[in-house]
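K.L.:
In this text, residue positions in the sequence shown follow our numbering: the first is 41, and each later residue adds one.
C-beta atoms are modelled at their ideal positions from N, C-alpha and C, and glycine is treated no differently.
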Amino acid sequence: MTYSKIICFFVAWFTCAVNALQWQWIRDGVWYIDTSSVTESNKQQAQITLSWQPAWEASAHEERVFLQDAEGNLIDELVINPGQFSGKKTWLLKPDKGHYRLEVPGYSYRRYRLEHASTLKVVYQPVKHHFTAEVPANAVLYFSVPAEQTINLGGKYHGGVTAFKVNPVNQLNAGVQLKLSTFDIKNYWQNNLIPIEQSTQNQVWRLAFQGKGKAAFWLDTTDNIFALRPEDLFVPKQLAGKGKITVGVKKLGRVPMVGTSLPFLDPPSQALSLLNEMQVKSATYYTYIDVLKAKPLADQSFRRTYFQQGITSDLTLLAETGRRAVLMDSKQITEVLRSYLPSWQQYTQSGLHYLVLADEPNLNYPSFTAFANYAQQVIHGLKQLPANVREKINIAIPASAGWLNGPSRNQASSRRGINWAKQLLPLLGDDIHALTWHRWLVRDLRATRSYQQAVAAAASLVGRNAKGTLQKHLLIDQTNISSGLHLSVYEQDTFFAALWWASVVANVAQSGDLTMINWFKTADDGPYRKGLMRKDAAGNWHLKPVGHAMKFIQAHLQGDILTTKTSLFEVDVVASTTEKVIHILGVNKGDRQQRVDLRIDLPKLWQKQSLSVSKTVLASDLQPQVSQKPHKAGKKLHFNWTIPNKSIFAIEIRQ
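#1: Count Cβ pairs between the segment 220-229 and the segment 292-303 that sit closer than 8 Å; are there 3 or more?
#2: Among the residues of its own chain, which have a CB less than 7 Å from the CB of His139, if the five just before and after it don't count?
#3: Determine the extent of the alpha helix (DSSP H) in which Trp541 is found, giving its start and end residues.
#4: Tell me, please, whether the segment 165-173 touches the segment 82-95 by the rule of three or more beta-carbon pairs shorter than 8 Å.
#5: If you follow the beta strand (DSSP E) that Glu103 is part of, which residue opens it and which one closes it?
#6: Leu273 and Ala267: beta carbons closer than 9 Å?
#7: Less than 9 Å between the C-beta atoms of Asp553 and Leu510, yes or no?
#8: In the segment 451-484, which residue ranges form an unbroken beta strand (DSSP E) of at least 3 residues, counting only runs that do not cross its ends?
#9: Determine the burial state of Asp631: buried for a count of at least 16 other Cβ atoms within 10 Å of its Cβ, exposed for fewer.
#10: In the DSSP assignment, the beta strand (DSSP E) including Ala98 goes from what residue to what residue?
#11: Which residues bound the alpha helix (DSSP H) around Met590?
#12: Please report the straight-line C-alpha distance between Val51 and Val70, rounded to a whole angstrom.
#13: What are the uninterrupted segments assigned as alpha helix (DSSP H) that are 4 or more residues long and contained completely in the segment 332-383, given in chain order?
#14: On the three-pair Cβ rule with 8 Å, is the segment 349-360 touching the segment 532-547?
#15: Tell me which residue opens and which closes the beta strand (DSSP E) that Arg700 is part of.
#16: Applying the criterion that 16 or more other CB atoms from any shown protein chain within 10 Å of the CB defines a buried residue, is Asp661 buried or exposed?
#17: Short check: CB of Arg430 to CB of Asn445, under 9 Å?
#18: Comparing C-alpha positions only, which one of Met573, Gln230, Asn628 and Met556 sits nearest to Thr324?
#19: If we cut at 9 Å on Cβ distances, does Gly674 have a partner in chain C?
#20: Count the other C-beta atoms from every protein chain shown that fall within 10 angstroms of the C-beta of Pro447, then say buried if there are 16 or more, exposed otherwise.
#21: Could you tell me which uninterrupted alpha helix (DSSP H) segments, each at least 4 residues in length, are contained entirely in the segment 287-336, listed from first to last along the chain?
#22: If the criterion is Cβ atoms closer than 9 Å, does the pair Glu188 and Gln243 meet it?
#23: If you count every other CB in all the chains shown that lies within 10 Å of the CB of Val666, and 16 or more means buried, which is it?
#24: In chain order, what residues of the same chain lie with their CB nearer than 8 Å to the CB of Trp706, ignoring the 5 residues before and after it?
#25: DSSP state of Glu431, grouped into three classes?
#26: Buried or exposed: where does Pro406 fall if 16 or more other Cβ atoms within 10 Å of its Cβ makes it buried?
#27: Buried or exposed for Val209, please, with buried defined as at least 16 other CB atoms from any protein chain shown within 10 angstroms of its CB.
#28: In angstroms, rounded to a whole number, what distance separates the CA positions of Gly253 and Val162?
#29: Consult DSSP for Gln230 and reduce its assignment to one of helix, strand or coil.
#30: Considering only residues of the same chain and omitting the five flanking positions on each side of Gln716, which have a CB-CB separation below 8 Å?
#31: For the beta strand (DSSP E) that contains Pro208, what are its first and last residues?
#32: Bridge partners of Thr656, per DSSP?
#33: Please work out which residues of its chain come closer than 8 Å, Cβ to Cβ, to Asn121, disregarding the five sequence neighbours upstream and downstream, and give them in chain order.
#34: How long is the line joining the alpha carbons of Ala179 and Ala334, rounded to whole angstroms?
#35: Cβ atoms of Tyr380 and Thr697: under 9 Å apart, would you say?
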């Protein structure tokens, strides 16, 4: 039996059909593809085919798959509409000096299979901690261990694969086993790690899956790369990208308020100091009807505290304690609100104040009709309030779980947030002042442009008046990388969260249409480790990397939004201006440097002057690096800059 036949016999993850290999079923991960072996005579060998099938509630979710070349340029964005339950797409790649990148962003509601010629070398980078694939029985992969280096193999049980057996390929009787623990959902953030022993030379190890179904596996302290065959292993080349960023003078609207969800309590003084350091502009509050019924002024102390910190705009979300989201007794709720809402008067002299009638009704309520009836009754009751109280209260709907897509539940296709909003607007009319929604589970940096698409769809829904102003405000009052308790320390506790948040803010701000976006939540809270700050074992509070990103964003997103364009797929950017400063805020999400040609149109009073240009970079060490030099400008300011990989950056231009 030849070596290739042995591989085909034992490796169950792929099939060896006429010189073709298959990866299946991927739910969240990246392939890197080496086409260096392809020549003009065998260019058909560079063909790859991606197919997909529904996994769960695919009919409620649009998905996008990204194919990039070796310099990070977007070759194709495969848009899979909710109605496309299954299908396939074929690409013919060209020989490249680097490696192609094909990404299935998570969380995915579909299963993906990649098929390619056996002459191509392909490696796979799984997402860490969350499940990355659904594997068949007896699946095997390979990974490399660099000489003189101790690495860790990680795994997490998701109801499928139960353990891994790993050994050097030339020592089948050696190696170790990693058994996966069953953790309670409150401990979702926990996983299993095992060290792989050092060697004096580079080694290839075999990873054998025990069990089948959902699998999470990854490598720490080395390249997180796996292959179907030992000879396919390689480290992906990240060639420098290059492109343009242009900034115009047209003002599109105000910058959005960028804030966070604040707790139903007075914060410790040290945490309050950190909140002030982040310069949070807006807040989302939960207000509990059952608490207010007994004590109508229960939240006044901490609301006053936050108001005094300069957080003068907010959104109040009605619920009951114990995370009970379905409110049905509209008469009782109206009575409570009539006693409670007059207390807002002390805060409504400045800022914007929104009231949301229920939390994620498209996820929690038994039907659209049940929620619509409840909302109509409560709004009718609020009309009985004195005019001076009523005029300061802006009703926002629907605070849905998701917007363009449905919530994570069965029958989600009939519960898309934007569709519920379309039905509610004719029913509630001018009583509605804003549309708001929550967004979760966009866990890949390249997929964050879906936030921009959601804002555009909401703007189209509400329409504009004769002056071009939106008829209603648009808000994203809660968002995070993941929902509920499905949290990963590789995301929440690292610079990944900082890159993600900067990218999301740049995307939602770019059109000038969004009024508010709030990160959920302010501080780590027991198993909800998704805060901007955390408390250490000694009881001291510290900003997490995403908290440092919040500071950076507030400093470099001010005034009015300017028209901005970038040709770089891995770079998100937004420009804004005050009277004397032009701000450019951006994020390089990729693993490569980006060589950028920047062209900024200048207002007439700024032209033909010497301008001060400062550049600031925030990277994983969380120490901003600043450089400054004068530039002589004409009608435009033009310069080149190399932006470091995985960094948040800002440019300030002053007269």
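P.N.:
Quick look at the numbers:
#1: no
#2: Taking the sequence shown and counting its residues from 1, one reaches residue 139 at position 99. Answer for His139: Tyr72, Ile73, Asp74, Ala110, Pro276 and Lys277, listed in chain order.
#3: Within the sequence shown, the letter at position 501 stands for residue 541. It spans Phe535 to Ala549 - the alpha helix (DSSP H) in which Trp541 sits, taken as one unbroken run.
#4: no
#5: For the purposes of this step, residue 103 is taken as the residue at position 63 of the sequence shown. Note, Glu103: beta strand (DSSP E), Glu103 to Gln108.
#6: Locating residue 273 in the sequence shown gives position 233, where the first residue counts as 1. Locating residue 267 in the sequence shown gives position 227, where the first residue counts as 1. A contact, by the Cβ cut-off of 9 Å.
#7: As a position in the sequence shown, residue 553 is number 513, starting the count at 1. As a position in the sequence shown, residue 510 is number 470, starting the count at 1. Against a cut-off of 9 Å, the Cβ pair of Leu510 and Asp553 comes out as a contact.
#8: 474-479
#9: Within the sequence shown, the letter at position 591 stands for residue 631. By the neighbour-count rule (16 or more Cβ atoms within 10 Å), Asp631 is not buried but exposed.
#10: Walking along the sequence shown from the start, residue 98 turns up at place 58. Element bounds for Ala98: n/a, residue is neither H nor E.
#11: Taking the sequence shown and counting its residues from 1, the one referred to as residue 590 is at position 550. Per DSSP, Met590 belongs to the alpha helix (DSSP H) from Pro585 to His596.
#12: Locating residue 51 in the sequence shown gives position 11, counting from the first residue. Locating residue 70 in the sequence shown gives position 30, counting from the first residue. Confidence at Val51 is low in this model, with a pLDDT of 46, below 50, so the placement of that residue is unreliable and no value is reported for it.
#13: 340-348 and 370-380
#14: no
#15: The chain is shown from 41 up to 695; residue 700 falls before or after that span and cannot be answered.
#16: For the purposes of this step, residue 661 is taken as residue 621 along the sequence shown, with counting starting at 1. It counts as exposed.
#17: Reading the sequence shown from its first residue, position 390 is the one you call residue 430. Reading the sequence shown from its first residue, position 405 is the one you call residue 445. Against a cut-off of 9 Å, the Cβ pair of Asn445 and Arg430 comes out as no contact.
#18: Along the sequence shown, one-based indexing puts residue 324 at 284. Nearest of Met573, Gln230, Asn628 and Met556 to Thr324, Cα basis: Met556.
#19: No chain C appears in this structure, which consists of one protein chain only.
#20: For the purposes of this step, residue 447 is identified with residue 407 of the sequence shown, where counting begins at 1. That one is buried.
#21: 309-318 and 329-334
#22: Stepping through the sequence shown from its first residue, residue 188 is reached at position 148. Stepping through the sequence shown from its first residue, residue 243 is reached at position 203. Not closer than 9 Å, so no.
#23: Here residue 666 refers to the residue found at position 626 of the sequence shown. With fewer than 16 Cβ atoms within 10 Å of its Cβ, Val666 is classed as exposed.
#24: Because the chain here runs from 41 to 695, residue 706 falls outside it and cannot be looked at.
#25: The count along the sequence shown starts at 1 and reaches residue 431 at position 391. Three-state result, Glu431: coil.
#26: Reading the sequence shown from its first residue, position 366 is the one you call residue 406. With fewer than 16 other Cβ atoms within 10 Å, it is exposed.
#27: Looking up residue 209 in the sequence shown gives position 169. Exposed is the call here.
#28: Locating residue 253 in the sequence shown gives position 213, counting from the first residue. Locating residue 162 in the sequence shown gives position 122, counting from the first residue. Cα-Cα distance, rounded: 22 Å.
#29: In the sequence shown, residue 230 corresponds to position 190, counting from 1. It is coil, neither helix nor strand.
#30: Beyond the ends of the chain as shown, which are 41 and 695, falls residue 716; an answer cannot be given.
#31: Indexing the sequence shown from 1 puts residue 208 at position 168. First-last of the beta strand (DSSP E) with Pro208: Ala203 to Pro208.
#32: In the sequence shown, counting from the first residue as 1, residue 656 sits at position 616. Answer is Val666 and Ala690.
#33: The residue labelled residue 121 in the question sits at position 81 within the sequence shown. Within the same chain, Asn121 has close Cβ partners Glu102.
#34: As a first step, residue 179 is located in the sequence shown; it is residue number 139 there, counting from the start. As a first step, residue 334 is located in the sequence shown; it is residue number 294 there, counting from the start. C-alpha separation (whole angstroms): 58 Å.
#35: Residue 697 falls outside the range modelled here, since the chain spans only 41 to 695, and no answer is possible.
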